[in-house]
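Numbering (our numbering), first residue to last: -7 to 213.
Structure representation (structure tokens):
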């Protein structure tokens, strides 16, 4: 079974990434922090035996991402909203010849690759898998090839606390029983950053982010 792990990535330009955090810690600091997030998650996936596919936001050309992230497989995000971009990225993964595809975000510097391994193992039996986020959304979603559907992505109220429950409801309407992964937290607020900064395991799992937070939080809080 060939498994693709697709990571949604934006170019770390000040004012373009983590803007909610940028309002509190400064947009330059937020961009540097986001770059550290991406570095940590890709390193951890690499070290765990995955070969992540980068689904890049096209506000910067592919060459810029290659200069930043090196020799990887890149696919361009396409679509008018997040749901359409996610569905098309997963479809592109299947078009590349993979049997199962897992998609995750890039603001998860402390994501344990074991969660991704769990997703991969779950998809050997389950038609889909999903990882709930603490804010009511989800941080990971995956499908077996024959069960990918745009129904769970269309007309969704993204960035609301109902996203996970609504997605589960839609999957159940299609008689698709997804595997549920452990809950995890995105990095969206200063409180999230503080939690990560003082987590004893953060230095090991996300050293780039951890080191940067020492400076950012000291300067701002």
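Where is the CB? At the ideal position from N, CA and C, for every residue including glycine.
query: Through-space distance from residue 141 to residue 39, alpha-carbon basis; result: 31 Å
query: Beta-carbon spacing of residue 92, residue -7 below 8 Å; result: yes
query: Outcome for residue 114 when other beta-carbon atoms lying within 10 angstroms are tallied against a minimum of 16; result: buried
query: Endpoints, alpha helix (DSSP H) assigned at residue 107; result: 105 to 114
query: Simplified DSSP state of residue 95, which is helix, strand or coil; result: strand
query: Close beta carbons around residue 65, own chain, < 6 Å, minus the five adjacent residues each side; result: 45
query: Cβ pair count under 8 Å reaching 3, the segment 117 to 136 against the segment 150 to 162; result: yes
query: Beta strand (DSSP E) segments (min. 3 residues) lying fully within the segment 186 to 212; result: none
query: Cβ pair count under 8 Å reaching 3, the segment 100 to 112 against the segment 170 to 179; result: yes
query: Span separating the alpha-carbon of residue 197 from that of residue 162; result: 34 Å
query: Proximity test, Cβ basis, 8 Å: residue 120 and chain B; result: Absent from the structure: chain B. Only one protein chain is present.
query: Unbroken alpha helix (DSSP H) run spanning residue 33, endpoints; result: 19 to 39
query: Opposing strand residues paired with residue 123 [DSSP bridges]; result: 132
query: First and last residue of the uninterrupted beta strand (DSSP E) at residue 156; result: Taken as a continuous stretch (DSSP letters only), residue 156 belongs to no beta strand (DSSP E), being part of the alpha helix (DSSP H) at 155 to 165.
query: Residue 29 and residue 201 closer than 8 Å at C-beta; result: yes
query: From 82, 69, 60, 58, residue whose alpha carbon lies closest to that of residue 48; result: 69
query: Same chain only: Cβ atoms within 6 Å of residue 20, ignoring 5 sequence neighbours per side; result: 6
query: Contact between the segment 79 to 90 and the segment 99 to 107 (3+ Cβ pairs under 8 Å); result: no
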